[in-house]
Amino acid sequence: MGVMKLAGMTLAGLVKQPETIQYPAEEKPAIPGHKGRVTVDVAQCILCGICQKRCPCGAIAVDKASRSWTIDRFRCVQCGSCVRECPKHCLTMDPARPAVAAKKHLDSFEVPERQKTKASAAKESAQS
Amino acid sequence: MTFQSQFVPLSIEELPALAVRCKDDGWRFVQMLAVAVEDGVNLVYSFMKDGVLVNHEIASVKPEDHVPSITDTFLAAFVFENEAHDLFGVQIDNIAIDFGGHFYAVSQTSPMTVISPAQKEAREKARKLAAAKAAKEAKAAKEGGEAKAQDGEDAELEAKLAAMDPEKAAKVRAAMAAKAAKAEGKEA
Amino acid sequence: MGKQTIIPFGPQHPVLPEPLHLDLVVEDEKVIEAIPQIGFVHRGLEKLVETRDYQQFVYVAERICGICAFGHSMGYAETVERLMGVEVPERAQYLRVIWHELSRIHSHILWLGLAADAFGYESLFMHCWRLRERVLDIFQKTCGGRVILSVVKVGGVVRDIDVAQLKYILDVLEGLRAEYEQICRAFLKDTSVKNRTVGVGYISTEDALGLSMVGPFARASNVDYDVRSLGIGAYGQLSDFQPIVSSDGDCYARMEVRTREVVQSIEIIKEMILRMPQGPIAVDVKGAPADGAESSMVVEQPRGECYYYARGNGTKYLDRMRMRTPTSQNLAGMTVALAGCDLADVNTIILTIDPCISCTER
Chain G
50 MGVMKLAGMT LAGLVKQPET IQYPAEEKPA IPGHKGRVTV DVAQCILCGI CQKRCPCGAI
110 AVDKASRSWT IDRFRCVQCG SCVRECPKHC LTMDPARPAV AAKKHLDSFE VPERQKTKAS
170 AAKESAQS
Chain L
171 MTFQSQFVPL SIEELPALAV RCKDDGWRFV QMLAVAVEDG VNLVYSFMKD GVLVNHEIAS
231 VKPEDHVPSI TDTFLAAFVF ENEAHDLFGV QIDNIAIDFG GHFYAVSQTS PMTVISPAQK
291 EAREKARKLA AAKAAKEAKA AKEGGEAKAQ DGEDAELEAK LAAMDPEKAA KVRAAMAAKA
351 AKAEGKEA
Chain C
4 MGKQTIIPFG PQHPVLPEPL HLDLVVEDEK VIEAIPQIGF VHRGLEKLVE TRDYQQFVYV
64 AERICGICAF GHSMGYAETV ERLMGVEVPE RAQYLRVIWH ELSRIHSHIL WLGLAADAFG
124 YESLFMHCWR LRERVLDIFQ KTCGGRVILS VVKVGGVVRD IDVAQLKYIL DVLEGLRAEY
184 EQICRAFLKD TSVKNRTVGV GYISTEDALG LSMVGPFARA SNVDYDVRSL GIGAYGQLSD
244 FQPIVSSDGD CYARMEVRTR EVVQSIEIIK EMILRMPQGP IAVDVKGAPA DGAESSMVVE
304 QPRGECYYYA RGNGTKYLDR MRMRTPTSQN LAGMTVALAG CDLADVNTII LTIDPCISCT
364 ER
């Protein structure tokens with residue numbers, strides 16, 4: 050009979066845990082490794098601009114003169130190229146979902162001057 | 171079965187005979203594509219049988235050339251022939267289902283033959299690089315021996331520098347000069 | 004002799020997953036002829052090759068289609084690797100096959116849901132898509148994305164799957180299989196489904212060969228061709244691979260071929276996981292393709308054979324990248340299948356060729 054084919058699954062559905070969650074009251078926990086949004090550790094950034102060159106969408110803008118690192122999160126497609134190519138490993142993918150917004154905007158970060166470590170200071174004095 | 175692919179040349183006059191021959195021998199029609207090259211459009215017709223993929227390439231079709239359609243033997247080709255006509259401006263006669271240029275209603279005629287500025291710039295740079303490398307190698311061959319080895323290295327370095335950002339290249343050159351000066355200073 | 008009317012079908016239609024326009028010439032409930040028209044999602048992606056270098060273009064190739072996303076990135080990477088003579092490490096090849104077969108499972112289950120929706124069986128559609136979520140969960144755990152995976156690069160893959168995750172994949176697939184068998188029974192043994200699909204949209208073997216059809220659409224008409232038997236990449240390491248063929252040639256046969264392919268894919272994944280070698284997952288690719296170099300490659304996507312062509316010109320931008328997708332090849336077959344059918348069967352026939360119009364138009 051054509052009627053009883055899905056009976057097993059349908060009746061089981063009455064007692065099983067539902068497959069869906071009551072969003073936004075509940076939220077699915079972020080899975081590690083999920084490609085959410087790009088975060089930058091500005092203390093390590095050397096403003097080399099490699100992330101800007103490798104981005105396939107042109108979402109990152111690095112300005113050496115004003116020491117800023119800007120990302121257009123609406124252009125980012127979460128491919129992960131910038132994270133892999135950064136020579137100082139200062140970019141990471143945060144598994145949280147990107148936030149929604151009513152208007153497009155850019156996220157700009159100020160990159161502080163690199164702290165002079167002992168090794169680099171010694172190198173500089175040897176050169177002069 | 172293993173997979174092999176090859177590219178063989180073809181001319182426009184041989185195309186209908188090729189289609190009939192392939193149909194009779196049991197070759198499967200795979201696809202037809204168009205590539206925009208310097209002096210026209212290349213058409214590639216692919217057929218496959220028993221794991222061997224043969225791409226027949228008609229080189230440099232001009233906009234005035236009329237190419238016969240193969241839809242009388244292989245009906246499935248009408249999609250690709252209409253696309254080649256719309257996007258590349260190739261004139262194909264007697265397509266079985268002919269949309270007359272309205273298959274992909276694009277706003278610009280033959281958009282794939284227009285070369286974007288970034289691509290043009292990259293091609294010019296590559297051409298200059300290749301010419302510089304060839305010239306250097308020719309010079310080295312004339313002088314010969316030890317000088318050749320040094321020149322080969324230099325040519326590679328020059329090629330690398332030419333491919334980089336001009337700003338970065340200047341920095342690298344300055345660093346190299348400083349290194350050379352330091353080496354000389356040490357020896358002296 | 005009745006009057007002929009032309010009914011426009013699409014591009015907006017509840018049953019179509021993607022926009023396709025058909026002009027159906029109808030006479031008294033029978034379709035005499037169907038003239039297809041595509042071009043509604045033409046995005047000119049092949050032209051983007053000129054402004055994205057060959058490593059960045061993988062991300063464009065992925066986004067040609069949501070369902071066949073991994074297949075396109077893998078095919079593109081294989082074509083460029085062939086163009087530049089790059090040898091991909093074995094482990095990367097095995098990983099690519101595992102993800103590709105998972106992609107096939109998710110695509111076929113998605114299609115089964117859409118086919119059920121096409122003849123009005125909505126609860127079956129919901130159950131199929133619920134099962135598909137399990138496969139998407141696997142993707143999310145191993146690649147970080149549900150539909151667009153972004154794990155392939157020219158030279159290998161970007162992420163590795165460790166032993167714990169491989170075990171997780173096997174567990175999920177076993178759990179999936181039990182419920183999947185129940186759904187298959189609902190598809191293949193149900194009389195109402197059989198009434199809608201048996202004998203509908205028949206294409207003979209000669210027609211299938213003459214129209215150069217590919218994929219499960221052709222294999223249901225007894226055309227024994229599957230790119231996976233050619234043994235490209237890690238497919239060559241399979242102990243035994245037989246394409247699933249049926250000789251009935253109607254919509255029911257196409258459905259049956261796809262349901263059996265899911266089970267075959269689960270077996271392939273199990274074998275790949277068992278025999279996975281250790282080693283690096285990628286090689287560094289430097290330089291650019293030579294001027295005038297060309298290469299071509301074929302990949303068995305869930306919908307059929309997909310052909311890729313790449314041409315280099317000495318710069319890091321490729322000269323031309325061309326993907327010939329299986330649906331563009333099957334459009335002629337669809338037009339022939341629609342001739343002579345009832346108007347009510349148009350939905351089912353179009354769905355059974357598994358149209359992926361975004362792939363066709365790029």
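Residue numbers (the working numbering), protein chains in the order written: chain G, 50 to 177; chain L, 171 to 358; chain C, 4 to 365. Even glycine gets a Cβ: it sits at the ideal position worked out from N, Cα and C.
If you draw a straight line from the alpha carbon of Ala119 of chain C to that of Pro305 of chain C, how long is it in whole angstroms? Taking the first residue of the third sequence as 1, we reach residue 119 of chain C at position 116. Taking the first residue of the third sequence as 1, we reach residue 305 of chain C at position 302. Distance from the CA atom of Ala119 of chain C to the CA atom of Pro305 of chain C, rounded to whole angstroms, is 18 Å.
If you compare alpha carbons, which of L:Phe248, L:Ala308, L:Arg191, L:Phe173 is closest to Val221 of chain L? Mapped onto the second sequence, residue 221 of chain L falls at position 51. Residue identity differs from the one stated: residue 221 of chain L is Gly in this sequence, not Val. Among L:Phe248, L:Ala308, L:Arg191, L:Phe173, the Cα nearest to that of Gly221 of chain L is on L:Phe173.
Can you tell me the Cα-Cα spacing of Phe142 of chain C and Cys106 of chain G, whole angstroms? For the purposes of this step, residue 142 of chain C is taken as the residue at position 139 of the third sequence. For the purposes of this step, residue 106 of chain G is taken as the residue at position 57 of the first sequence. Straight through space, the alpha carbons of Cys106 of chain G and Phe142 of chain C are spaced by roughly 23 Å.
Whose C-beta lies closer than 6 Å to the C-beta of Arg107 of chain C among residues of the same chain, with five residues either side of it excluded? The residue labelled residue 107 of chain C in the question sits at position 104 within the third sequence. Excluding sequence neighbours, Arg107 of chain C sits near Ser268, Pro305.
Measure how close the beta-carbons of Ala293 of chain C and Gly315 of chain C come, nearest whole angstrom, since I'm counting them as under 8 Å. As a first step, residue 293 of chain C must be located in the third sequence, where it is residue number 290. As a first step, residue 315 of chain C must be located in the third sequence, where it is residue number 312. Going by Cβ atoms, the distance from Ala293 of chain C to Gly315 of chain C rounds to 6 Å, so yes, they are a contact pair.
Please work out which residues of its chain come closer than 7 Å, Cβ to Cβ, to Tyr183 of chain C, disregarding the five sequence neighbours upstream and downstream, and give them in chain order. Here residue 183 of chain C is taken as the residue at index 180 of the third sequence, counted from 1. Contacts found: Leu134, Val265.
Please identify the residue among C:Leu25, C:Ile356, C:Lys33, C:Thr351 whose C-alpha is closest to the C-alpha of Asn198 of chain C. Within the third sequence, numbered from 1, the residue matching residue 198 of chain C stands at position 195. Of the listed residues, the one whose Cα sits closest to Asn198 of chain C is C:Thr351.
According to DSSP, simplified to helix, strand and coil, what is Ala296 of chain C? Position 293 of the third sequence, counting from 1, holds the residue named residue 296 of chain C. Looking at Ala296 of chain C - three-state DSSP - the assignment turns out to be coil, as it is neither helix nor strand.
Name the one or two DSSP bridge partners that Leu223 of chain L has. Numbered from its first residue, the second sequence carries residue 223 of chain L at position 53. Per DSSP, L:Ser175, L:Met218.
Using a cut-off of 8 Å between C-beta atoms, extract the partners of Ser224 of chain C located in chain L. Against the third sequence, residue 224 of chain C aligns to sequence position 221. Result: empty, since nearest Cβ-Cβ is about 14 Å, beyond 8 Å.
Using DSSP with H/G/I as helix, E/B as strand and the rest coil, what is Gln168 of chain C? Walking along the third sequence from the start, residue 168 of chain C turns up at place 165. Helix, per DSSP.
Just the Cα atoms here: how many angstroms apart are Pro73 of chain G and His103 of chain C? For the purposes of this step, residue 73 of chain G is identified with residue 24 of the first sequence, where counting begins at 1. For the purposes of this step, residue 103 of chain C is identified with residue 100 of the third sequence, where counting begins at 1. The straight-line gap separating the alpha-carbon atoms of Pro73 of chain G and His103 of chain C is approximately 33 Å.
Go ahead and label Asn264 of chain L buried or exposed: buried means 16 or more other beta carbons lie within 10 angstroms of its beta carbon, across all protein chains shown. Residue mapping note: residue 264 of chain L aligns to position 94 of the second sequence, counting from 1. Classification of Asn264 of chain L: exposed, given that the 10 Å Cβ count is below 16.
Counting only Cβ pairs nearer than 9 Å, list the residues of chain G close to Gly148 of chain C. For the purposes of this step, residue 148 of chain C is identified with residue 145 of the third sequence, where counting begins at 1. The answer, in chain order, is His83, Lys84, Gln127.
Going by DSSP, which residues form a beta bridge with Trp118 of chain G? If you number the first sequence from 1, residue 118 of chain G lands on position 69. Answer is G:Val111, G:Phe158, bridged to Trp118 of chain G.
Measure the alpha-carbon distance for Gln58 of chain C versus Lys156 of chain C and round it to whole angstroms. Taking the first residue of the third sequence as 1, we reach residue 58 of chain C at position 55. Taking the first residue of the third sequence as 1, we reach residue 156 of chain C at position 153. Each residue's alpha carbon lies about 7 Å from the other.
For Val339 of chain C and Tyr255 of chain C, which I take to be in contact (beta-carbon distance under 8 Å), what is that distance rounded to the nearest angstrom? Position 336 of the third sequence, counted from the start, is the residue given in the question as residue 339 of chain C. Position 252 of the third sequence, counted from the start, is the residue given in the question as residue 255 of chain C. Wrong, their Cβ atoms sit about 18 Å apart, outside the cutoff.
Leaving out five residues on either side along the sequence, give the residues of the same chain with a beta carbon under 6 Å from the beta carbon of Ala319 of chain L. Working through the second sequence from its first residue, we reach residue 319 of chain L at position 149. Legend: pLDDT at Ala319 of chain L = 46, less than 50; position of this residue unreliable, value from coordinates given subsequently. Excluding sequence neighbours, Ala319 of chain L sits near nothing in its chain.
Residue nearest to Gly85 of chain G in terms of C-alpha spacing, selected from C:Ser195, C:Glu125, C:Gly148: As a first step, residue 85 of chain G must be located in the first sequence, where it is residue number 36. If we check each option's Cα against that of Gly85 of chain G, C:Gly148 comes out closest.
Please report how far the alpha carbon of Ala221 of chain C lies from the alpha carbon of Ile272 of chain C, in whole angstroms. Within the third sequence, residue 221 of chain C is the residue found at index 218, counting from 1. Within the third sequence, residue 272 of chain C is the residue found at index 269, counting from 1. Straight-line spacing of the CA atoms in Ala221 of chain C and Ile272 of chain C works out to 24 Å.
Tell me, to the nearest whole angstrom, how far the beta carbon of Leu223 of chain L is from that of Val200 of chain L; I am working on the premise that it is less than 8 Å. Indexing the second sequence from 1 puts residue 223 of chain L at position 53. Indexing the second sequence from 1 puts residue 200 of chain L at position 30. Yes, they are in contact, since the Cβ atoms of Leu223 of chain L and Val200 of chain L sit about 7 Å apart, within 8 Å.
Relative to the C-alpha of Ile127 of chain C, which residue among C:Asp140, C:Gly159, C:Leu113, C:Arg137 is closest? Walking along the third sequence from the start, residue 127 of chain C turns up at place 124. What sits at residue 127 of chain C in the sequence shown is Leu, not Ile. The residue with the shortest Cα to Cα distance from Leu127 of chain C is C:Leu113.
Neighbourhood of Gly271 of chain L by C-beta, 7 Å cutoff - its chain only, sequence neighbours within 5 removed: Position 101 of the second sequence, counting from 1, holds the residue named residue 271 of chain L. Within the same chain, and ignoring the five residues on either side of Gly271 of chain L in sequence, the residues whose Cβ sits closer than 7 Å to its Cβ are His255, Asp256.
Taking the alpha-carbon positions, what's the Val160 of chain G to Phe269 of chain L distance? As a position in the first sequence, residue 160 of chain G is number 111, starting the count at 1. As a position in the second sequence, residue 269 of chain L is number 99, starting the count at 1. Going from the Cα of Val160 of chain G to the Cα of Phe269 of chain L covers about 57 Å.
Taking Cβ positions only, does Cys55 of chain G come closer than 9 Å to chain C? In the first sequence, counting from the first residue as 1, residue 55 of chain G sits at position 6. Going by the sequence as given, residue 55 of chain G is Leu instead of Cys. Taking Cβ atoms only, chain C reaches closer than 9 Å to Leu55 of chain G, which makes this a yes.
Mapping the DSSP letters down to three states, classify Ser195 of chain C as helix, strand or coil. To locate residue 195 of chain C, count along the third sequence from 1; it is residue 192. Three-state result, Ser195 of chain C: helix.
According to DSSP, simplified to helix, strand and coil, what is Glu1 of chain C? There is no way to answer for residue 1 of chain C, as the model of chain C reaches only from 4 to 365.
For Ala167 of chain C and Leu139 of chain C, I'd like the C-alpha separation in whole angstroms. Your numbering for residue 167 of chain C matches position 164 in the third sequence. Your numbering for residue 139 of chain C matches position 136 in the third sequence. C-alpha separation (whole angstroms): 18 Å.
Mind checking which residues open and close the beta strand (DSSP E) that includes Arg327 of chain C? For the purposes of this step, residue 327 of chain C is taken as residue 324 along the third sequence, with counting starting at 1. It spans 323-327 - the beta strand (DSSP E) in which Arg327 of chain C sits, taken as one unbroken run.
Taking the C-alpha atoms as reference points, what is the distance between Val154 of chain C and Ser216 of chain L? The residue labelled residue 154 of chain C in the question sits at position 151 within the third sequence. The residue labelled residue 216 of chain L in the question sits at position 46 within the second sequence. Near 30 Å, if we compare the C-alpha coordinates of Ser216 of chain L and Val154 of chain C.
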